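For the sequence shown, this note's numbering gives the first residue as 1, with consecutive numbering after it.
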Amino acid sequence: MTTTTRATTQATTQATTQAKKQATDLLVIGGGTAGFGAALTGARLGLSVTLLEASAKIGGVMAACPGMPWGAAYPCDRMIGGVMGELADRLFAMTPPAAEKRACTLENFGAEIQYDHDIATTTMFEMLEEAGVDLRLGAVATQPKMQGQRIATVAYFDRHGAHIIRPKMVIDCSGDGDISAKAGVPYELGDTGGNMMGVTLTFMMVGADVEKVFADPDPYFTRQAAIGIAEGRLHPDLAKLYLMRGFHPDTVFCNSVVIRGVDGTSPADVTRATQEGRRRCLQMAAFLRSDIPGFENARMMNLGPTVGVRETRKLEGIYRVSGADLAAHRKFPDGIVACDNPIDDVMRTDASMTHDAIVSDGGYYTIPFRALVPREVSNLMFAGRIISADPTAFASVRGMPQCIAMGQATATAAALALRADVMVQEVPHCDLITALQAQGVKGLGQEPLVS
Numbered sequence: 001m002t003t004t005t006r007a008t009t010q011a012t013t014q015a016t017t018q019a020k021k022q023a024t025d026l027l028v029i030g031g032g033t034a035g036f037g038a039a040l041t042g043a044r045l046g047l048s049v050t051l052l053e054a055s056a057k058i059g060g061v062m063a064a065c066p067g068m069p070w071g072a073a074y075p076c077d078r079m080i081g082g083v084m085g086e087l088a089d090r091l092f093a094m095t096p097p098a099a100e101k102r103a104c105t106l107e108n109f110g111a112e113i114q115y116d117h118d119i120a121t122t123t124m125f126e127m128l129e130e131a132g133v134d135l136r137l138g139a140v141a142t143q144p145k146m147q148g149q150r151i152a153t154v155a156y157f158d159r160h161g162a163h164i165i166r167p168k169m170v171i172d173c174s175g176d177g178d179i180s181a182k183a184g185v186p187y188e189l190g191d192t193g194g195n196m197m198g199v200t201l202t203f204m205m206v207g208a209d210v211e212k213v214f215a216d217p218d219p220y221f222t223r224q225a226a227i228g229i230a231e232g233r234l235h236p237d238l239a240k241l242y243l244m245r246g247f248h249p250d251t252v253f254c255n256s257v258v259i260r261g262v263d264g265t266s267p268a269d270v271t272r273a274t275q276e277g278r279r280r281c282l283q284m285a286a287f288l289r290s291d292i293p294g295f296e297n298a299r300m301m302n303l304g305p306t307v308g309v310r311e312t313r314k315l316e317g318i319y320r321v322s323g324a325d326l327a328a329h330r331k332f333p334d335g336i337v338a339c340d341n342p343i344d345d346v347m348r349t350d351a352s353m354t355h356d357a358i359v360s361d362g363g364y365y366t367i368p369f370r371a372l373v374p375r376e377v378s379n380l381m382f383a384g385r386i387i388s389a390d391p392t393a394f395a396s397v398r399g400m401p402q403c404i405a406m407g408q409a410t411a412t413a414a415a416l417a418l419r420a421d422v423m424v425q426e427v428p429h430c431d432l433i434t435a436l437q438a439q440g441v442k443g444l445g446q447e448p449l450v451s
């Protein structure tokens, strides 16, 4: 064995041994928007926080779909506040601004935030650094070890091998809920028939004449798309072209290519869908250049590295949010974030999509904390798109700003539970809401949603 090889082996062994001894107050699994909100909040509340992210970048859908706008941050045209509000304000205040609030061109959606993708994700990394979060990229959580109804340890691996971490609290923000499911939390896949929303691969067109592109009064370009489909130049599922003005002046965000029949928990399915998506994106970019005025000199950039998965497991919580709750504008005593998003249901069994309003003008609902808490596991919560919700409610509650707020709420609850030495199921809802209001989250409890 050479000196270099021996030194490398010793360093690897030492690193593995140290990792296996690691303990943390709060383990956050998944560095998407929910995981970002959870890890940042937990660290700010004085907890030692370890954040495991399987990929090389935080952001979740932001990383898979560069340029995806933040929708639903402004129910009733008012910012939800909290970590989401702080992140937006940081970007708004930059010189020049790295984000701006805009009206959405699609029906029944309110204002959204467009932003510079690289500046936004760098800012999120910086916020985690400032708070002292122990962020581990390329780290995949694989198995919880249970002691009764409590998670005692979680196994994960990275390029150095397998490791064990001993958390006091766990928040599953993985998007798929693998660890929660392995811990015994019941779940459903997709809708009542097991059908999941289609996955999407996005891209940017750069160098476009944006004013010319959006001179057409039809926001979906249905007339042109029908011609492309009839001539075999577009996939039949592209009957509507979802195009949005990008943050930068000559950019258009293309959120159109949806692949159906994909199980987002299957690596093989995701791989297949990503390659199929690449083919359709290239086909669509060529069609835009040839058939949509304003794209003549544009080129494709920022093709997503993988498909964005909308839906897999929905875990069983103490409470299951229903479409009826949303339609009634229900504001729960333990509501942790406001929302008025439409029912954004995308290609489950066929090419149909809905953007139906779920609340009337000027109305909103709140998402209950109990939908993020399992019935039995005493030190586990979950946040993001694995929320306990029926298919109708799920299609509305899954916005990235709401996911950030879910993460913020669960981390706040973790801090309260640890301080009081109680199970997460026993955290007083009034204490949680008071703490979130002190962190700037708006529209909770009896307080109105104000600017």
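Note that CB positions come from ideal geometry on N, CA and C, so glycine has one too. All values derive from a computational prediction rather than experimental measurement.
- Shown here, S290 sits in a helix according to DSSP, grouped into three states.
- In the three-state DSSP reduction, Q425 falls in the helix class (H, G or I).
- The C-beta distance from L201 to C281 rounds to 6 Å, short enough to meet the 8 Å contact threshold.
- In the DSSP annotation of this structure, S322 is not part of any alpha helix (DSSP H), being labelled neither H nor E.
- In the DSSP annotation of this structure, the continuous segment of the alpha helix (DSSP H) that includes K212 starts and ends at V210 to V213.
- Apart from sequence neighbours up to five positions away, the residues of its chain that approach Y156 with a beta-carbon distance below 7 Å are L52, A139, V140, A141, T142, H163 and I165, ordered along the chain.
- For secondary structure counted as the alpha helix (DSSP H) over 4 or more consecutive residues, the stretch 32-109 holds these complete runs in sequence order: 33-44, 61-64 and 82-92.
- About 7 Å separates the CB atoms of L238 and I229; that is less than 8 Å, so the two are in contact.
- In the structure shown, G407 adopts helical secondary structure according to DSSP, grouped into three states.
- Within the same chain, Cβ atoms closer than 8 Å to the Cβ of G440 are found at G81, G82, G85 and E86, the five residues on either side in sequence being excluded.
- Its chain contains D390 and A393 as the residues whose beta carbon lies nearer than 6 Å to that of S322, once the 5 sequence neighbours on both sides are disregarded; these appear in chain order.
- Residue ranges of uninterrupted beta strand (DSSP E) with 3 or more members, entirely inside the stretch 233-292 and ordered along the chain, are 243-245 and 251-259.
- Here DSSP, grouped into helix, strand and coil, assigns C430 to helix.
- Sequence-distant Cβ neighbours of T349 in its own chain, meaning closer than 8 Å and more than five residues away, are G193, N195 and R260.
- Taking the Cα of M300 as reference, the smallest distance to any Cα among V337, M205, L241 and G399 is reached at M205.
- When DSSP states are grouped into helix, strand and coil, G190 belongs to the coil group.
- Q224 is not bridged by DSSP to any residue.
- Going by C-alpha positions, G443 is about 20 Å away from Y319.
- Under the DSSP assignment, H117 falls in the alpha helix (DSSP H) whose first and last residues are H117 to A131.
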